[in-house]
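Structure record follows, encoded as structure tokens.
Protein chains: 2
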Amino acid sequence: MLFPCSRGRKSSREKILDAAAELVAEIGAGRLTLEAVAEKAGLSKGGLLYNFPSKEALLQGMIQRLIDQVSAEKEALRGQAPPGPNLEARLCTAALLKLCGGQMKETASGMLAATAENPKLLDPLRQVIRETLKTLKETSEDVDAALLGWLAVEGLSSYEMHGLSPFSDEDRERILQAVNRLLSKGIAP
Amino acid sequence: MLFPCSRGRKSSREKILDAAAELVAEIGAGRLTLEAVAEKAGLSKGGLLYNFPSKEALLQGMIQRLIDQVSAEKEALRGQAPPGPNLEARLCTAALLKLCGGQMKETASGMLAATAENPKLLDPLRQVIRETLKTLKETSEDVDAALLGWLAVEGLSSYEMHGLSPFSDEDRERILQAVNRLLSKGIAP
DNA sequence: ATTTATATACCGGCTGGACGGTTTAGTTGC
DNA sequence: GCAACTAAACCGTCCAGCCGGTATATAAAT
Chain A
1 MLFPCSRGRK SSREKILDAA AELVAEIGAG RLTLEAVAEK AGLSKGGLLY NFPSKEALLQ
61 GMIQRLIDQV SAEKEALRGQ APPGPNLEAR LCTAALLKLC GGQMKETASG MLAATAENPK
121 LLDPLRQVIR ETLKTLKETS EDVDAALLGW LAVEGLSSYE MHGLSPFSDE DRERILQAVN
181 RLLSKGIAP
Chain B
1 MLFPCSRGRK SSREKILDAA AELVAEIGAG RLTLEAVAEK AGLSKGGLLY NFPSKEALLQ
61 GMIQRLIDQV SAEKEALRGQ APPGPNLEAR LCTAALLKLC GGQMKETASG MLAATAENPK
121 LLDPLRQVIR ETLKTLKETS EDVDAALLGW LAVEGLSSYE MHGLSPFSDE DRERILQAVN
181 RLLSKGIAP
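Residue numbers (UniProt numbering), protein chains in the order written: chain A, 1 to 189; chain B, 1 to 189.
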């Protein structure tokens with residue numbers, strides 16, 4: 001994953017990916033055009049195509065960054081996670097929820113853009129999800145709770161991503177704590 | 001919600017909505033064109049525009065059908081649901097899971113198509129979701145469990161919808177039972 | 001030291017094709 | 001005779017990808 005430019009401040013690639021993500025949230029995944037992305041990123045269409053040789057490449061870049069962000073967040077949390085059962089599930093949910101905080105729509109907009117353009121672009125994500133399921137099944141003390149917690153956070157993410165979330169900050173806080181309780185102690189009375 | 005044609009077998013409207021849903025799953029939400037839908041539905045473009053006077057109208061129809069299907073499923077289950085706590089949550093999850101069974105991708109493809117084209121088209125869905133949350137909060141014996149169960153099923157639906165689900169039929173069965181246990185008894189040891 | 005060459009990073013105009021939507025004129029079946 | 005179409009042409013718009021240029025920097029050759 002090395003790419004040409006990387007010296008000084010924010011690279012053009014980063015600026016482009018940011019711009020694309022914001023645009024998806026603003027105008028809809030299917031309306032994403034190279035020209036609009038270029039303008040928002042502050043360069044020309046030619047410059048954009050220099051960094052990403054095709055629209056597909058741009059979408060792939062968006063997906064890959066999403067994967068990398070979640071993975072990095074998970075590893076960052078691994079060091080400081082409190083001991084207890086269902087560690088992997090707690091890391092997964094905490095990482096996702098952290099990215100949910102206020103910017104999930106942008107973070108996940110690559111998914112929407114890729115779904116709109118060409119569902120095959122989601123293949124790398126498919127792989128990651130399959131591995132996550134495998135890990136959860138193998139390492140969780142309470143697999144049912146781990147699956148439920150994971151899926152609940154995915155459900156929340158999905159709502160945020162589509163701009164469908166009816167939840168207030170209090171609601172989100174409550175859900176976060178319920179998931180933690182589910183994973184560390186079960187949830188019964 | 002009455003529309004011109006409705007006599008005999010499957011109406012053109014239904015055929016069109018089916019065709020559109022399948023196309024979204026096949027080629028991506030953003031690639032949906034009127035011509036392709038018309039061809040798949042077995043009529044001409046003119047005929048399609050006779051039934052849905054614009055592409056927006058078609059997408060609205062897809063969203064509305066999704067809402068109606070879930071709602072109908074819920075009411076159908078209400079009569080035969082076993083007594084116990086968190087009734088509304090159990091109805092929601094059961095209805096969604098029933099639609100998940102093998103055809104969620106088609107059922108929910110309207111969401112993807114609308115997201116791609118114009119996020120505002122999801123407004124009716126937003127309304128339904130807000131009401132669902134309100135009902136769950138007001139009527140659930142264990143609100144935390146109700147929210148978690150609901151979100152978990154939404155997470156599962158989201159994976160199915162995007163074709164990202166890593167779950168086997170056994171997995172789904174296990175999740176279904178875990179959700180039921182969560183809603184009727186809590187989940188702790 | 002000066003010229004030449006090569007690579008990076010980007011500009012911006014152009015084109016060919018596709019798509020949404022309209023219109024018109026005709027057809028089928030109840 | 002009207003509803004529910006078919007068939008086909010047509011228009012305006014949009015957009016991805018291409019291509020010829022430009023500016024800067026570093027390196028190599030002379």
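Just so it is clear, CB atoms sit at the ideal spot from N, CA and C, and this is done for glycine as well.
As the structure is a computational prediction, the values presented were derived from the model and not from experiment.
Asked, Found
"Please state the DSSP three-state secondary structure of Pro82(B).", "coil"
"Quick check on DSSP: helix, strand or coil for Glu141(B)?", "coil"
"Could you tell me which of Lys137(A), Ile187(A) and Met104(A) sits nearest to residue 209(A), measuring between CA atoms?", "With chain A covering only 1 through 189, there is no way to say anything about residue 209(A)."
"Verify whether the separation of the beta carbon atoms of Gly30(A) and Gly163(B) is less than 7 Å.", "no"
"Could you tell me whether the Cβ of Ile63(B) comes closer than 7 Å to any Cβ of chain A?", "no"
"Would Thr139(A) count as contacting chain B if we go by Cβ distances under 7 Å?", "no"
"Is it the case that the Cβ atoms of Lys17(B) and Ala36(B) are separated by a distance below 7 Å?", "Sequence check: residue 17(B) is Leu here, not Lys. No; because the gap between Cβ atoms is not below 7 Å, this pair is not in contact."
"Leaving out the 5 sequence neighbours to the left and right, which residues in its chain are closer than 6 Å to Val70(A) when beta-carbon positions are compared?", "Ala95"
"Determine the burial state of Lys74(B): buried for a count of at least 16 other Cβ atoms within 10 Å of its Cβ, exposed for fewer.", "buried"
"Starting from Ile187(B) and walking both ways along the alpha helix (DSSP H), at which residues does that stretch end?", "Taken as a continuous stretch (DSSP letters only), Ile187(B) belongs to no alpha helix (DSSP H), as it is neither H nor E."
"Can you have a look at Pro119(A) and say buried or exposed, based on whether 16 or more other CB atoms are within 10 angstroms of its CB?", "buried"
"Could you tell me the distance, in whole angstroms, from the CA atom of Ser168(A) to the CA atom of Pro53(A)?", "41 Å"
"Can you tell me which of Leu59(A), Glu106(A) and Glu138(A) puts its alpha carbon nearest to the alpha carbon of Ala89(A)?", "Glu138(A)"
"Provide the residue span of the alpha helix (DSSP H) that contains Leu164(B), from first to last.", "From DSSP, Leu164(B) is part of no alpha helix (DSSP H); its letter is neither H nor E."
"Check the C-beta distance from Ile187(B) over to Leu182(A) and give it rounded, since I have them as a contact under 8 Å.", "7 Å"
"Please list, in chain order, the residues of the stretch 160-178 of chain A that have any C-beta partner in chain B closer than 9 Å.", "Met161, His162, Gly163, Leu164, Ser165, Pro166, Phe167, Asp171, Arg174, Ile175, Gln177 and Ala178"
"Counting Cβ pairs closer than 8 Å, one from the stretch 144-159 of chain A and one from the stretch 143-159 of chain B, do we hit at least three?", "yes"
"Just how far apart, CA to CA, sit residue 248(A) and Leu48(A)?", "Outside the shown range of chain A (1 to 189) lies residue 248(A), about which nothing can therefore be said."
"Tell me the residue span of the alpha helix (DSSP H) that contains Lys40(A).", "Leu34 to Ala41"
"My output table needs one value for Asn180(A): the three-state DSSP class, helix, strand or coil.", "helix"
"Relative to chain B, which residues along the stretch 87-119 of chain A have a C-beta separation below 9 Å, given in chain order?", "Met111, Leu112, Ala113, Ala114, Thr115, Ala116, Glu117, Asn118 and Pro119"
"Could you have a look at Pro53(B) and say whether DSSP puts it in helix, strand or coil?", "coil"
"By the DSSP assignment, the alpha helix (DSSP H) with Ser44(B) in it spans what residues?", "Element bounds for Ser44(B): n/a, residue is neither H nor E."
"Under 8 Å by Cβ, that's how I've got Ala113(B) and Met62(B) pegged, so tell me the actual separation to the nearest angstrom.", "6 Å"
"Quick one: Cα of Pro83(A) to Cα of Asp144(A), how far?", "19 Å"
"By the three-class DSSP mapping on this structure, what secondary structure does Ala89(B) have?", "helix"
"What is the DSSP secondary structure of Gly28(A), counted as helix, strand or coil?", "coil"
"Can you tell me whether Gly79(B) is buried or exposed, with buried defined as 16 or more other CB within 10 angstroms of its CB?", "exposed"
"What residue range does the alpha helix (DSSP H) around Ser109(B) cover?", "Ser109 to Glu117"
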